[in-house]
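Going by the working numbering, the sequence shown opens with residue 98, and the numbers climb by one from there. From the three backbone atoms N, C-alpha and C, an ideal C-beta is built for every residue, glycine too. Taking it in order: structure first as structure tokens, then the write-up.
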Amino acid sequence: MTSQRTRERMVQRLGDLGISNLRVMEAMLSIPRHLYIEEAFAHRAYEDIALPIAFNQTISQPYIVARMTELLLSNLSGNSKILEIGTGCGYQTSILARLVNHVYSIERISPLLEKTKARLFELQIHNISLKCADGSFGWSQHGPFDGIIITAAAKVVPPALIQQLAEGGTLVVPEGAGAQTLRVYHKNGGEISAVSLEAVRFVPLLGGVER
Ligand code: SAH
98 MTSQRTRERM VQRLGDLGIS NLRVMEAMLS IPRHLYIEEA FAHRAYEDIA
148 LPIAFNQTIS QPYIVARMTE LLLSNLSGNS KILEIGTGCG YQTSILARLV
198 NHVYSIERIS PLLEKTKARL FELQIHNISL KCADGSFGWS QHGPFDGIII
248 TAAAKVVPPA LIQQLAEGGT LVVPEGAGAQ TLRVYHKNGG EISAVSLEAV
298 RFVPLLGGVE R
């Protein structure tokens, strides 16, 4: 149930759902999702469903991970530098790490981040930098970023993140308080434009840090 064949079927389903970026599909094929979730759920790892991880958080549904990655990469080169808000179990981080030069990822729950750090080290994913902080403030020392992905629902996009988006960059975010919509922002000529896509469901973007 955690075999390569199962993963191939998952990727096939992503194609049926409209995912078309082959690099994204290759990344989804290569990352063993069952190693990111609690063992009790490992047998469901390749179903297209969100699953619980520690600390009341969730790993997003594979389709949403693929979709957000595809949107984020649509204008970027492989040399890109990405900022992720909400490391969680590190699955999305790992997918991105296969596709871009470097991923900076911020998580607010310290013990969750420590677990994830150990996992990513074990899986030998090294082109990432992780820190425990409130991601709403971004990571200005390493900005501007070619792409920013927020994997928790923001009522409004934190202004610091818009600021840290590079010229020509793309930001992908589930936006909204109750009902959430996947939105994509572009920065061109210093101007910000946004488009709204499908309805989504994410845990909320929260302030502060949990030790
Ligand atoms: N990308 C993750 C999804 C995890 S769920 C994965 O693949 O597993 C969203 C994560 O965002 C949770 O771990 C939550 O703790 C974190 N989060 C919520 N608000 C945050 C904030 N302000 N800064 C950093 N992380 C935040």
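Measuring straight from C-alpha to C-alpha, what distance separates Glu208 and Tyr160? Looking at the sequence itself, residue 208 is Pro, so the reference to Glu does not match. Their backbone Cα atoms lie some 27 Å apart in a straight line.
Whole-angstrom C-beta distance between Leu210 and Gly184, which should lie under 8 Å: With the sequence shown as reference, residue 184 is identified as Thr, and Gly is not the correct amino acid for it. The pair is a contact, with the Cβ atoms about 6 Å apart (cut-off 8 Å).
Which residues does DSSP list as the beta-bridge partners of Gly244? Ile179 and Thr267
Check each candidate in Gly115, Met125 and Val121 and name the one with the smallest Cα separation from Arg102. Met125
Looking at the unbroken alpha helix (DSSP H) that takes in Tyr160, where does it start and where does it end? Pro159 to Leu170
Spatial neighbours of Val41 within its chain, please: C-beta separation below 6 Å, excluding the five flanking residues on both sides. Missing from the structure shown is residue 41; the chain here goes from 98 to 308 and no further.
Going by beta-carbon coordinates alone, are Leu303 and Arg205 separated by less than 8 Å? yes
Could you tell me if Ala251 is buried or exposed, where buried requires 16 or more neighbouring beta carbons within 10 angstroms of its beta carbon? buried
Going by Cα to Cα distance, which pick from Val306, Glu272, Pro129 and Pro241 is closest to Gln260? Pro241
Out of Phe218, Asn224, Leu262 and Leu220, point me to the one whose CA is closest to Ile234's CA. The residue asked about is misnamed: residue 234 is Phe in this sequence, not Ile. For Phe234, the nearest C-alpha among the options comes from Leu262.
Would you mind giving the Cβ-Cβ distance between Arg45 and Tyr133, rounded to the nearest angstrom? I have them listed as a contact below 8 Å. What is shown of the chain runs 98 to 308, which leaves residue 45 out entirely.
Compute every distance between the C-beta of Asp145 and the non-hydrogen atoms of the ligand SAH, then say whether any falls below 7 Å. no
DSSP state of Ile192 mapped onto helix, strand, coil: helix
Going by C-alpha distance, which of Phe299, Val197, Pro256 and Ile182 is nearest Ile246? Ile182
At which residues does the alpha helix (DSSP H) containing Lys284 begin and terminate? First-last for Lys284: Gln277 to Asn285, but that is the beta strand (DSSP E), not the alpha helix (DSSP H).
Straight-line CA distance for Ser157 to Glu272? 15 Å
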